[in-house]
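In the working numbering, the protein residues as written are 525 to 737.
Yeah, the Cβ is synthetic: ideal placement off N, Cα and C, and Gly gets one too.
None of the values given here were measured: they were computed from a predicted structure.
In what follows, a single structure is set out as structure tokens and then discussed.
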């Protein structure tokens, strides 16, 4: 009997469209490999999906951002004894919270850019330009601005607070964009990303031809 795989996709976050695209790609790949696959578009009242999710052997979590990545959906699936892919609740929650992640890195003596937090749109950074302003709990560079001149600060802060209640200001370090895939305990080869824009922003991430790898 073929393994039954449910693909959870979509969701309420600002990365919904990316998740739908990812989910479709995953579902297509699963079907091509002979697995019985069902796509589950995620919605706010996701608990109604429970009976159908329980019929699957495993749930592939293709959600991006929000409760799909911050540990909440992972906790709910685990609580209902539904096998699911990806990181567990605790690591998911920590990784989606930038300030918690940075503190863990710092406490383990791993070098990381200097940062500070803004609690209000009226707060002002103390770091010298250039620096990066970003929402504390968003992915895909949503709401992120690189500040090169003090005249850009107000707009950058406003943009970031439109996506989160807490904003990180981080030292800007110019350099190459590198990424490493880690599956289980295996690290795969380093890939360099060359975006068309100044940095690897939302458009360069998800628009074909906007980046070279």
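With a cut-off of 8 Å on the beta carbons, I'd call residue i and residue j a contact; round off their distance for me.
i: residue 531; j: residue 564; result: 6 Å
i: residue 730; j: residue 582; result: Contact doesn't hold; Cβ gap of about 26 Å is too wide.
i: residue 623; j: residue 681; result: Contact doesn't hold; Cβ gap of about 16 Å is too wide.
i: residue 597; j: residue 585; result: 7 Å
i: residue 716; j: residue 702; result: 6 Å
i: residue 618; j: residue 634; result: With a Cβ gap of about 14 Å, residue 618 and residue 634 do not count as contacting.
State buried or exposed for residue i, treating a residue as buried only when at least 16 other CB atoms are found within 10 Å of its CB.
i: residue 668; result: buried
i: residue 550; result: buried
i: residue 649; result: buried
i: residue 672; result: exposed
i: residue 593; result: buried
i: residue 603; result: exposed
i: residue 534; result: buried
i: residue 738; result: Outside the modelled stretch of the chain, which goes from 525 to 737, sits residue 738, for which no answer is possible.
i: residue 588; result: buried
i: residue 714; result: exposed
i: residue 736; result: exposed
i: residue 570; result: buried
i: residue 521; result: Residue 521 is absent from the structure shown; the chain starts at 525 and stops at 737.
With DSSP as the reference, identify every bridge partner of residue i, one or two as the case may be.
i: residue 527; result: In DSSP, residue 527 forms no bridge with anything.
i: residue 628; result: None, per the DSSP bridge assignment.
i: residue 509; result: In the structure as shown, the chain begins at 525 and stops at 737. Residue 509 is therefore absent and cannot be evaluated.
i: residue 608; result: 583
Please tell me whether residue i has its Cβ less than 7 Å away from any Cβ of chain C.
i: residue 526; result: This model lacks chain C altogether; it includes just one protein chain.
>> If contact is defined by three or more beta carbon pairs under 8 Å, each pair taking one atom from either stretch, is the segment 721 to 735 in contact with the segment 654 to 672?
In response: Judged by pairs of C-beta atoms under 8 Å, the segment 654 to 672 touches the segment 721 to 735, as three or more such pairs exist.
> With a cut-off of 8 Å, do at least 3 Cβ pairs link the segment 654 to 662 to the segment 681 to 691?
Replying inline: Taking 8 Å as the limit for Cβ pairs, the verdict is that the segment 681 to 691 does touch the segment 654 to 662.
>> Which complete beta strand (DSSP E) runs does the segment 674 to 730 hold, if anything under 3 residues is left out?
In response: Within the segment 674 to 730, complete beta strand (DSSP E) segments of at least 3 residues are found at 691 to 695, 701 to 703 and 715 to 719, given in chain order.
> Mind pulling the alpha helix (DSSP H) runs of 4 or more residues that sit fully within the segment 570 to 598?
Replying inline: Counting whole runs of 4 or more residues, the segment 570 to 598 contains the alpha helix (DSSP H) stretches 574 to 577.
>> Closer than 8 Å is the cut-off here; do at least three beta carbon pairs connect the segment 690 to 702 with the segment 637 to 655?
In response: The segment 690 to 702, when compared against the segment 637 to 655, does touch it at the 8 Å Cβ threshold.
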